[in-house]
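Asks: The listed protein sequences derive, respectively, from chains H and Y.
Quick note: the first sequence, position 127, residue 127 per this note's numbering, numbers continuous.
Convert by adding 1000 to the 1-based position in the second sequence; the result is the number in this note's numbering.
Note that beta-carbon positions come from the ideal geometry of N, C-alpha and C, so glycine has one too.
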Amino acid sequence: MNETTNGMRPAVELAGVVKRFGDRSGTEVTAVDHVDLTITDGEFFSLLGPSGCGKTTTLRMVAGLELPTAGSIRIHGEEMGLRPPNKRPVNTVFQSYALFPHMTVAANVGFGLEMRKVPQSERRELVDWAIELVEMGSMAHRKPTQLSGGQQQRVALARALVNRPEVLLLDEPLGALDLKLRHQMQHELKNLQREVGITFVYVTHDQEEAVTMSDRIGVMHDGKLLQVDTPEAIYERPTTRFVADFIGQTNFLEATVAGADEVVLANGDRLRLASDHDAGSAVAVTVRPERLTVHRRGEAPTDRHTVDGRVETVTYLGNAVIYGIGVDWMHLEVRCPATLAGDRREVGDDITVSFEPEHAAVVTG
Amino acid sequence: MPVEAPPGDAPVGETESEGASEVATPGLERQAERAKARQGFLLGLPTIIYLFIFFIIPLGFVVAYSFATRTRSGRTELRDFNLDAYARLGDDIIMTVAWRSLWMSVVTTIICLILAYPLAYFISTRTPAVRNMMLVGVMIPFWSNFLIRTYAWRVLLDSDGLVTQAFEAIGLGDGRILFTSNAVILGLVYGYLPFMVLPLYAAIERIDWSLVEGARDLYASGWAAFRRVVWPLSRPGVIAGSMLVFVPSFGAYVTPAILGGNKEGLLGSYIVLQFLSARNGPVGSAVSVVVLAVMLISTLIYFRSGGKNL
């Protein structure tokens, strides 16, 4: 585990951060829209969202490569204001790696130390340490163009880590790698973060990547930070329709809030579900496909929520079976562990779908 | 090293298809290659003939003349080949002209570089539309004849010319620089500046700006990022531009002839003088050969230093 001796000290604090880009025709685009965020020291934090959601812009503002239109950015309590990137205690791993093509791996890794005028002998030691850390020892004298994508990625990582930044910013660093290598690097990155104990702020559009690696995730959409929570909480208790939909597969049941702990589904069924929305507001109840169970009509246990429907499609996936269930007012997807064919429901069967109340979440938007 | 093992049954399929293609096309591949090479040669033939007649042969004459004998009457005869002309190259007059040519073209190159670099940098950091407009601006001078433009400078630099009067008006002292080496350098810089701007622009425009951001992120100040990243990566442009300015400046004839008067002759004027006035073909040819050699060596240095886009 991390040596978080200073407990919950905030590493990065964003308060009311706005970034607008104007173009010549006068139209303004709000890339980042009033983001408030506190990232704890030593944590692996991911900013997750589809492309164009403002996550990279947010990261670039922390790095100082972009200045906020409004708001405040603090790193370990210090206001960054208009400070240029070279005067900030952070380093970035760029999506394109941005390795200097005219320098060797060792010179690339030593660049930051050289700029900070670290004495040569100390510099060499640190460079060796960083290159060994990413297992690139045999490549120290190569040029970046002689390396594979994965190797370049490691060098970019070493080049940033060698400076022992207070916060390491990573902008989709695995985006250019193939799937297999990406999985491997995910593990390595996570282990590396534990080893060096530096706060990682990781930008990605890959929800699986964010869920696997992060201590906490912030989901962004259209410049807004929608939800910040642990991967499990984001998956199990999304608060908005976008978050529920973006992280994995899910079902939405249109509903209206009836009271503090009750919602009414579109077909009139009442569910006991707590929400902090006003009575009468339109919401949706979201349940993951694997949290739903299919029963023969009328055989569902009474302590679970139930919806009647008819099997429309059956998709066999080997380790699972996906049922497409038609309910007269909507469509549900159910993911079941694969059973033998004889025990499977068939297309056209009348069935009942059930779920535990705690596996459902009320979302808006 | 990541191991990319092919699927287990792939090698079998490969061997089979290889064997099949070997049987089906014996030597066909080589025949096709030969036909292609022949076609390329035929396409290039007109140019090859043209260059041979109007470039290689005359060049051969120049080299031959430089070893030839000059008769008393000033005729050059291709007999008794000797090194007399080359022996004359050490003469004070030739050395003076050569040094003057060298330092003038070096100074011209340096001034062009200093003027062109910021401009090229500025252009390459604009939006594409503005960029194109500015590049057209850089090339506008080419729309009129070089000789005419050089004569225009003569008018401007004349004792009652616009530039001279402007100089005196703002109190920069005597503005009369016509027929001095300053006027020649001014003319050379004016004439060759676009040749510096364009390759510099091409080189700087290609630089990945995330590298500069990377450097800034790694504690480099703006100046350090320029010195350590932008400058080294724009070096091919610096070398190409310097070549394109230095080589024609070194052999310049028109500019020194019009703006330098007779006092500030360069090697180009000296060669003309040898052929036309002094009627000394061998010496003129020998100087030409040396000038060509200098240019050839500069070009080789350029290619050796990694430049590929002349």
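1. Secondary structure at A156 of chain H, three-state DSSP: helix, strand or coil?
2. Is there a C-beta anywhere in chain Y that falls below 8 Å from the one on P144 of chain H?
3. Excluding five sequence neighbours on each side, which residues of the same chain lie with their C-beta closer than 6 Å to the C-beta of E290 of chain H?
4. Give the straight-line distance between the Cα atoms of G317 of chain H and A284 of chain H, rounded to the nearest whole angstrom.
5. Counting only Cβ pairs nearer than 8 Å, list the residues of chain Y close to S377 of chain H.
6. According to the neighbour-count rule (16 or more other Cβ atoms, all chains shown, within 10 Å of its Cβ), is R288 of chain H buried or exposed?
7. What does G81 of chain H reach in chain Y if we use C-beta pairs closer than 8 Å?
8. Between the beta-carbon of L1200 of chain Y and the beta-carbon of V1238 of chain Y, is there less than 8 Å?
9. Is the shortest distance between the beta-carbon of L59 of chain H and the beta-carbons of chain Y less than 8 Å?
10. Buried or exposed: where does L1218 of chain Y fall if 16 or more other Cβ atoms within 10 Å of its Cβ makes it buried?
11. Of the choices H:T27, H:R74, H:R60 and H:V363, whose alpha-carbon is the least far from that of Q227 of chain H?
12. To the nearest whole angstrom, what separates the beta carbons of T230 of chain H and E43 of chain H, a pair I think is in contact under 8 Å?
13. If we define contact as Cβ-Cβ less than 8 Å, is A279 of chain H a contact residue for chain Y?
14. Is L292 of chain H closer than 8 Å to P357 of chain H when the C-beta atoms are compared?
15. Can you look up M1 of chain H in the DSSP assignment and give me helix, strand or coil?
16. Would L1178 of chain Y pass as a contact of L1157 of chain Y if the rule is Cβ separation under 8 Å?
17. Could you check how far apart the C-beta atoms of T92 of chain H and D171 of chain H are, in whole angstroms? I think they sit under 8 Å.
18. Give a yes or no on contact between the stretch 59 to 79 of chain H and the stretch 116 to 124 of chain H, applying the rule of three or more CB pairs nearer than 8 Å.
19. Name the chain H residues that come within less than 7 Å of L1200 of chain Y, Cβ to Cβ?
20. Against chain H, with Cβ distances strictly below 8 Å, would S1234 of chain Y count as a contact?
21. Going by the beta-carbon positions, is the gap between R142 of chain H and V109 of chain H smaller than 8 Å?
22. Could you give the DSSP three-state label for P10 of chain H: helix, strand or coil?
23. Determine the burial state of P144 of chain H: buried for a count of at least 16 other Cβ atoms within 10 Å of its Cβ, exposed for fewer.
24. To the nearest angstrom, report how far apart G71 of chain H and Q152 of chain H are at their CA atoms.
25. With a CB to CB cut of under 6 Å and the five nearest residues on each side skipped, what residues in its chain are close to I217 of chain H?
26. In this structure, what does DSSP give as the bridge partners for Y366 of chain H?
27. Can you tell me where the alpha helix (DSSP H) with K190 of chain H in it begins and where it stops?
28. Pick out whichever of H:N251, H:K224, H:V201 and H:D222 has its Cα sitting closest to the Cα of D215 of chain H.
29. Can you tell me which residues form a DSSP beta bridge with H277 of chain H?
30. Just to confirm the assignment, what range does the alpha helix (DSSP H) spanning D350 of chain H have?
31. Threshold first: 4 residues or longer. Then list the alpha helix (DSSP H) segments lying entirely within the stretch 110 to 165 of chain H, N to C.
32. Could you check if Y97 of chain H is buried or exposed, using at least 16 other CB atoms within 10 Å of its CB as the buried criterion?
33. Measure how close the beta-carbons of R1216 of chain Y and N267 of chain H come, nearest whole angstrom, since I'm counting them as under 8 Å.
34. Excluding five sequence neighbours on each side, which residues of the same chain lie with their C-beta closer than 6 Å to the C-beta of I1204 of chain Y?
35. In the DSSP assignment, what residue or residues form a beta bridge with H295 of chain H?
36. Enumerate in chain order the residues of its own chain whose CB-to-CB distance from V243 of chain H is below 6 Å, with the five nearest sequence positions on each side excluded.
Replies: By the coordinates alone:
1. If DSSP states are grouped into helix, strand and coil, A156 of chain H belongs with the helices.
2. Answer no: the Cβ-Cβ gap between P144 of chain H and chain Y never drops below 8 Å.
3. Contacts found: R335.
4. The sequence shown places Leu at residue 317 of chain H, not Gly. If I take the Cα positions, the gap works out to 28 Å.
5. Within the shown structure, residues of chain H are numbered from 1 to 365, placing residue 377 of chain H beyond reach of any answer.
6. So R288 of chain H counts as buried.
7. Within chain Y, no C-beta atom comes less than 8 Å from the C-beta of G81 of chain H; the nearest is roughly 16 Å away.
8. Annotated as proximal: L1200 of chain Y and V1238 of chain Y, with beta-carbon spacing under 8 Å.
9. So, not an interface residue.
10. That one is buried.
11. It is H:V363.
12. Between the beta-carbon of T230 of chain H and that of E43 of chain H there is about 10 Å, and that puts the pair past the 8 Å contact cut.
13. No, its Cβ sits nowhere closer than 8 Å to a Cβ of chain Y.
14. With respect to the 8 Å criterion, P357 of chain H and L292 of chain H are not classified as neighbours on the basis of their beta carbons.
15. Only weak support exists for where M1 of chain H lies, its pLDDT of 39 falling under 50; the value from the coordinates is given anyway. Coil, per DSSP.
16. Less than 8 Å separates the beta-carbon of L1178 of chain Y from that of L1157 of chain Y.
17. Right, their Cβ atoms sit about 7 Å apart.
18. Because the criterion of three Cβ pairs below 8 Å is not met, the stretch 59 to 79 of chain H and the stretch 116 to 124 of chain H do not touch.
19. Ordered by position in chain H, no residue passes the 7 Å Cβ test against L1200 of chain Y, which lies about 17 Å from the chain.
20. Closer than 8 Å: no.
21. It is not a contact, given that the beta carbons lie outside the stated cut-off.
22. It is a strand residue.
23. Answer is buried; the Cβ neighbour count reaches 16.
24. Whole-angstrom Cα-Cα distance: 35 Å.
25. Non-local beta-carbon contacts of I217 of chain H in its own chain, meaning distances under 6 Å to residues more than five positions away in sequence, involve S46, L48, A210, P231 and I234 in chain order.
26. No statement about residue 366 of chain H is possible, as the shown extent of chain H runs from 1 to 365 and does not include it.
27. K190 of chain H -> alpha helix (DSSP H) spans L179 to V196.
28. With distances taken between CA atoms, D215 of chain H lies nearest to H:V201 out of H:N251, H:K224, H:V201 and H:D222.
29. In DSSP, H277 of chain H forms no bridge with anything.
30. No alpha helix (DSSP H) contains D350 of chain H, which is instead part of the beta strand (DSSP E) from D350 to F355.
31. Counting whole runs of 4 or more residues, the stretch 110 to 165 of chain H contains the alpha helix (DSSP H) stretches 120 to 133 and 149 to 161.
32. Classification for Y97 of chain H: buried.
33. No, R1216 of chain Y and N267 of chain H are not in contact; Cβ-Cβ is about 59 Å, not under 8 Å.
34. Here I1204 of chain Y has A1120, Y1121, S1124 and S1234 as same chain residues with Cβ atoms under 6 Å from its own Cβ, once five neighbours each way along the sequence are excluded.
35. DSSP output for H295 of chain H lists H:T352 as bridge partner(s).
36. For V243 of chain H, where only same-chain residues beyond five positions count, the Cβ hits under 6 Å are V219, L226 and Q227.
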